[in-house]
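Encoded as structure tokens, the structure appears first; notes follow it.
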């Protein structure tokens, strides 16, 4: 197959491209800026429909590995920026892919949509602009693609791993903390985790099957206590991880929300509702059960550049 990978310079896009090439497929790598390994430098957010059709012509499939992360800060209101970063380019690309006859597509999304789907009583879309943008990305993107183009949405949790010059951005302060002499505290709760390589493999498999499903990509469920302890081991500073009381965490979240309001900022995940996500064990049955320890170690090795910045 010939696959167009948008966002190929990012951590996940890099691994999607690598997996596809390893399986014998042809890949056109697209990113906003030119760099080694990128075939076409295109800002798909501003490219017109005709240019996107030209970009996709001759390809069997599409992977959208771009978008705006939930942790990226933005001036209030954040919803329009999330819509512009996550929904608009995905819809435009999938519409163009359907028009030129692509037969399969994958969008790299968020595991929060899994819980929005399975636990509607949590009202995550109403509470969190980021979750709403990911839900709209899938719904409107599939509608734009049309009935003949199956679109798989990978529901990606916390990711460990590295690529040249890339590590998960959320991991940089956490690994820096683990390297310091400061004590480590972990709140109650936990999250699914996976590796960047596993996301790449899942994307390649979804393309090969022409899947149109919602697909969680989970290797292991980790409590925050366990995750922080493993990170400390990986950076060479193993130590006891202490428990942070839920009440203290909630107070810190309220304080963070107040600081954001005073600064006119708004995160993609609303601080006043974040305790419902952070302090619960948001676990998902592993889809490819495997320890993420090696991916954590890769993240630690890949952060050398960040620690020197």
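Numbering (full-length UniProt numbering), first residue to last: 1 to 309.
All C-beta atoms, glycine included, are put in the ideal place defined by N, C-alpha and C.
Predicted model, so just to flag it, every value in this text is computed and none were measured.
Could you give the residue range of the beta strand (DSSP E) that holds residue i?
i: residue 178; result: Residue 178 -> not in any beta strand (DSSP E); alpha helix (DSSP H) instead, spanning 171-179.
i: residue 104; result: 104-110
i: residue 214; result: 214-216
i: residue 152; result: 151-156
i: residue 186; result: 184-186
Check each candidate in the options and name the one with the smallest Cα separation from residue i.
i: residue 250; options: 272, 296, 107, 243; result: 272
i: residue 10; options: 180, 4, 163, 284; result: 163
i: residue 144; options: 280, 49, 127; result: 49
i: residue 2; options: 12, 17, 25, 92; result: 25
i: residue 169; options: 12, 228, 142; result: 12
i: residue 16; options: 287, 95, 226, 199; result: 199
i: residue 67; options: 159, 90, 217, 47; result: 90
i: residue 196; options: 298, 37, 97; result: 298
i: residue 76; options: 290, 265, 284, 300; result: 265
i: residue 188; options: 64, 283, 288, 293; result: 283
i: residue 294; options: 161, 174, 225, 98; result: 161
i: residue 213; options: 225, 97, 142, 201; result: 142
i: residue 227; options: 190, 260, 205, 215; result: 190
i: residue 69; options: 300, 267, 276, 99; result: 267
i: residue 193; options: 172, 218, 229; result: 218
i: residue 288; options: 184, 205, 36, 300; result: 205
i: residue 216; options: 4, 147, 94, 159; result: 159
i: residue 222; options: 262, 139, 291; result: 291
i: residue 99; options: 183, 147, 300, 281; result: 147
i: residue 151; options: 93, 125, 117; result: 93
i: residue 230; options: 64, 171, 138; result: 171
i: residue 183; options: 225, 128, 81; result: 225
i: residue 64; options: 82, 118, 303, 97; result: 97
i: residue 201; options: 20, 6, 302, 120; result: 20
i: residue 167; options: 302, 23, 104; result: 302
So residue i and residue j are in contact, right, with Cβ under 8 Å, and what is the actual spacing, rounded?
i: residue 269; j: residue 130; result: 5 Å
i: residue 246; j: residue 279; result: 5 Å
i: residue 29; j: residue 106; result: Going by Cβ atoms, the distance from residue 29 to residue 106 rounds to 15 Å, so no, they are not a contact pair.
i: residue 149; j: residue 102; result: 6 Å
i: residue 53; j: residue 43; result: The Cβ separation is near 16 Å, so there is no contact.
i: residue 41; j: residue 47; result: Their Cβ separation, rounded to whole angstroms, is 11 Å, which puts residue 41 and residue 47 out of contact at 8 Å.
i: residue 220; j: residue 286; result: 6 Å
i: residue 296; j: residue 210; result: The Cβ separation is near 33 Å, so there is no contact.
i: residue 186; j: residue 232; result: With 8 Å as the limit, residue 186 and residue 232 do not qualify as a contact, their Cβ atoms being about 10 Å apart.
i: residue 275; j: residue 253; result: 6 Å
i: residue 8; j: residue 38; result: 6 Å
i: residue 18; j: residue 175; result: That pair is no contact at about 23 Å.
i: residue 5; j: residue 27; result: 6 Å
Could you spell out where the alpha helix (DSSP H) holding residue i opens and where it closes?
i: residue 190; result: No alpha helix (DSSP H) holds residue 190; the beta strand (DSSP E) holding it covers 190-195.
Ordered list of alpha helix (DSSP H) runs contained in the segment 231-309, each at least 4 residues: 246-263, 275-278, 293-302, 304-308
Residue ranges of each alpha helix (DSSP H) within the UniProt domain "NAD(P)-binding" (7-140), 4 or longer: 11-22, 49-56, 79-82, 88-100, 112-118, 124-127
Contact the segment 144-158 vs the segment 99-118: 3+ CB pairs below 8 Å: yes
At least 3 beta-carbon pairs within less than 8 Å: the segment 54-66 vs the segment 234-252: no
Inter-stretch contact (C-beta, 8 Å, three-pair minimum) for the segment 83-94 and the segment 130-141: yes
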